[in-house]
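In the working numbering, the protein residues as written are 12 to 533.
We put the beta carbon where it would ideally sit given N, CA and C, even for glycine.
Only one structure is covered here, and it is reproduced in the block below.
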């Protein structure tokens, strides 16, 4: 059985303002090391000697099940267990379920109805600690106590206090306050990090970018410890490295209603996937874990437009794969080797670091490629489809891909395939090579080399001293004035009067060819 340790982690600040704001200063300890074992009871009857008329009512089955599930959300992520015991004397924490009228007699928060409160394991806490819930409170219904409802959110929040966590908006226990936060409600702070999607300990429910306002207390709220909470509670008790160790599939909610809520993924191993399969809105899936610093410190939000629910990913968690839905999705990978699937719609897939495989599926998809071994797979070419690769490396288009755009500043080269391609350079010196069919090549800035290959090609060099290769009578070279000293190399007879802004011409091969200059110094 555990006991209160009022001194840990009171004198051990982390140096991270967000975690130091959430850590109250005390904790539970059973003195054995490893897993901390906390006992609890669902209590009835009188709470305080000095208030004999304040009593806890009995627990209904759905209320008790909700309490058990809420406790489990914390043991899932931290090295702590909860055991229900039959007698009050055996319990570290006694949970009471009281009426609103009784709640008003013992607790006045100064702002409307109190949904619950919880003693904190610090020097002021005398065991057993009390966790007290208002069964007349907003959301304390069978639907509201479902995972994702307001009643369930209240339980998870209050249990956080019972384990040693503070609010992000006050200095309880001597904790810090989130940067820029100056009040409990509607004060989101620097980078809007004081909200439920980033910490269950916030009073600002959900996510400010979600459909607003919440029209139902049975869904749409945070239902687990979120990224800041998980990091803080793991600093105190250690991480649960036995939870979600297999190959797990995390589905984004398809509809608003029961089952739509915000949660933070804690996953201790395996090859895992976030999926928007079956959704119809535009999905955003970001596989990056919460960095705990910077503007995205609380995590990157994966969600479907219009749906009040989705995921963030806890710090140090690696989710490898993502599957889009039926909308126009944006899928972002992480440092691992990711497999990203777009599904239907015009999708944007960016694998990030690592060796990634990306498949957009149907629609006009955009792929970001930054590694030599990244693979882009388009299963087929449908009429009207035009898929694009944006590469920060030298790249050759694979089958069923139409467009290539070089990005960055690395003097990279781009090569098309046998379709009619659009190839674009960046601001550096690029070489662009078309193949069969009629291609469009645009060099951009820098001194570029443009070779359309066979077919009637359109070549635009842009700024810089550009070199064009011509092999078809219908090849078209476009150069504006004052864009460098340019050169055409041709295997056919050519007349520079067709290109009044190109200075130089070289005939290639052994055929009897003719060359004609223009009004420039050729």
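Item                                                                                                                                                                                                : Value
Among 457, 453 and 300, which one has its Cα closest to the Cα of residue 469?                                                                                                                      : 453
Give the C-beta separation of residue 415 and residue 394 to the nearest angstrom, bearing in mind that I take them to be a contact with Cβ-Cβ under 8 Å.                                           : Incorrect: roughly 21 Å between the Cβ atoms, too far for contact.
Leaving out five residues on either side along the sequence, give the residues of the same chain with a beta carbon under 7 Å from the beta carbon of residue 243.                                  : 30, 33, 34 and 176
Just to confirm my understanding: we take residue 289, look at its own chain, exclude 5 residues before and 5 after, and list those with CB closer than 6 Å. What are they?                         : 265
Excluding sequence positions up to five away, which residues of its chain have a Cβ less than 7 Å from the Cβ of residue 292?                                                                       : 315, 316, 317, 318 and 338
According to DSSP, is residue 104 part of a helix, a strand, or is it coil?                                                                                                                         : strand
Roughly how many whole angstroms lie between the Cα atoms of residue 98 and residue 144?                                                                                                            : 19 Å
Helix or strand or just coil, what does DSSP make of residue 534?                                                                                                                                   : The question about residue 534 has no answer here: the residues shown for the chain are numbered 12 through 533.
List the endpoints of the continuous alpha helix (DSSP H) containing residue 283.                                                                                                                   : No alpha helix (DSSP H) contains residue 283, which DSSP labels as neither H nor E.
For residue 380, count neighbouring C-beta atoms within 10 Å of its own C-beta (all shown protein chains included) and say buried if the count is 16 or more, exposed if not.                       : buried
Give the secondary structure of residue 248 by DSSP, where H, G and I count as helix, E and B as strand, and everything else as coil.                                                               : helix
Could you tell me the alpha carbon to alpha carbon distance between residue 124 and residue 111, rounded to whole angstroms?                                                                        : 8 Å
Please state whether DSSP places residue 413 in a helix, a strand or coil.                                                                                                                          : coil
Does residue 509 come out as helix, strand or coil in the three-state DSSP assignment?                                                                                                              : helix
Let's see if you can read the secondary structure: which residues bound the alpha helix (DSSP H) around residue 539?                                                                                : An answer regarding residue 539 cannot be provided, because it is not within the stretch 12 to 533 covered by the chain.
At the level of alpha carbons, what is the spacing between residue 489 and residue 449?                                                                                                             : 15 Å
Using alpha carbons as the reference points, say which of 446, 431 and 425 lies closest to residue 437.                                                                                             : 425
Starting from the C-beta of residue 306, find all residues in its chain whose C-beta is less than 6 Å away, skip the five residues before and the five after it, and write them out in chain order. : 202
Excluding the 5 residues preceding and the 5 following residue 346 in the sequence, name in chain order all residues of the same chain whose CB lies nearer than 6 Å to its CB.                     : 364 and 365
Use the C-beta contact count for residue 400: other C-beta atoms within 10 angstroms, 16 or more gives buried, fewer gives exposed.                                                                 : buried
Write down every uninterrupted run of the beta strand (DSSP E) in the stretch 454-479 whose length is 3 residues or greater and which is fully enclosed by it, in chain order.                      : 460-462 and 469-471
Determine, using beta-carbon pairs with one atom in the stretch 46-54 and one in the stretch 91-106, whether at least three such pairs fall under 8 Å.                                              : yes
So the beta strand (DSSP E) residue 402 belongs to, where does it begin and stop?                                                                                                                   : 399-402
Suppose you measure from the CA of residue 457 to the CA of residue 435; what does that come to, to the nearest Å?                                                                                  : 12 Å
Checking 9 Å against the spacing of the C-beta atoms, do residue 132 and residue 39 come in under that value?                                                                                       : yes
Cβ atoms of residue 64 and residue 109: under 9 Å apart, would you say?                                                                                                                             : no
Which class does residue 141 belong to by DSSP, given the choice of helix, strand or coil?                                                                                                          : strand
Cα separation between residue 77 and residue 331?                                                                                                                                                   : 31 Å
Is any non-hydrogen atom of the ligand HEM found closer than 8 Å to the C-beta of residue 50, if you look at the structure I gave you?                                                              : Among the components of this structure there are no ligands whatsoever, and the ligand HEM is therefore not found.
To the nearest angstrom, how far is it from the Cα of residue 229 to the Cα of residue 444?                                                                                                         : 58 Å
Would a C-beta distance cut-off of 9 Å place residue 462 and residue 430 closer than the cut-off?                                                                                                   : no
Less than 9 Å separating the beta-carbons of residue 161 and residue 232?                                                                                                                           : yes
Leaving aside the five residues before and after residue 343 along the sequence, list all residues of the same chain whose C-beta is less than 6 Å from its C-beta, in chain order.                 : 297 and 361
Quick one: using the 10 Å Cβ neighbour count with 16 as the cut-off for buried, is residue 221 buried or exposed?                                                                                   : buried
In three-state DSSP terms, what is residue 407?                                                                                                                                                     : strand
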